[in-house]
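Input: a single structure, listed below in structure tokens.
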Amino acid sequence: MSTLPALQWRYSPKHFSDRKVPQDQLLDLIEAARLSASSYGLQPYKIWVVEDKAIREKLAEHAY
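Residues in the sequence shown are numbered from 14 upward in steps of one, following the numbering used here.
Structure representation (structure tokens):
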């Protein structure tokens, strides 16, 4: 499945794969986030790419 159709199918994930996201797909996702609506471009945001599994697990504990 290409990146755009995957973004159009939305759901709230609770479990994640250990599969690494290819660099080109990661850049597409970051670009899609950059192009998304944000109230006249005034909504600040940060994108964090966390590749370390231990850090992701710690973040998941606080995300739900």
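Built from N, CA and C at the ideal position, the CB exists for glycine as well.
Beta-carbon proximity list for residue i, same chain, < 6 Å, skipping 5 on both sides
i: D41; result: T16
i: R69; result: V63
Residue interval of the alpha helix (DSSP H) (run including residue i)
i: R69; result: 66-76
i: D37; result: 36-48
i: G18; result: Rather than Gly, the amino acid found at residue 18 in this sequence is Pro. Note, P18: alpha helix (DSSP H), 16-21.
Pair within 8 Å by beta-carbon distance, residue i and residue j
i: Y58; j: S51; result: yes
8 Å contact criterion, which residue i and residue j should meet: CB distance rounded
i: A46; j: I60; result: 6 Å
Closer than 7 Å: residue i CB and nearest the ligand SAH heavy atom
i: A19; result: With respect to small molecules bound, the structure shown includes none, and the ligand SAH cannot be examined in it.
Close Cβ partners of residue i (< 7 Å) along its chain, the five nearest in sequence each way excluded
i: Q38; result: T16
i: F29; result: none
Neighbourhood of residue i by C-beta distance below 8 Å, restricted to the same chain and skipping five residues each side
i: K33; result: E64
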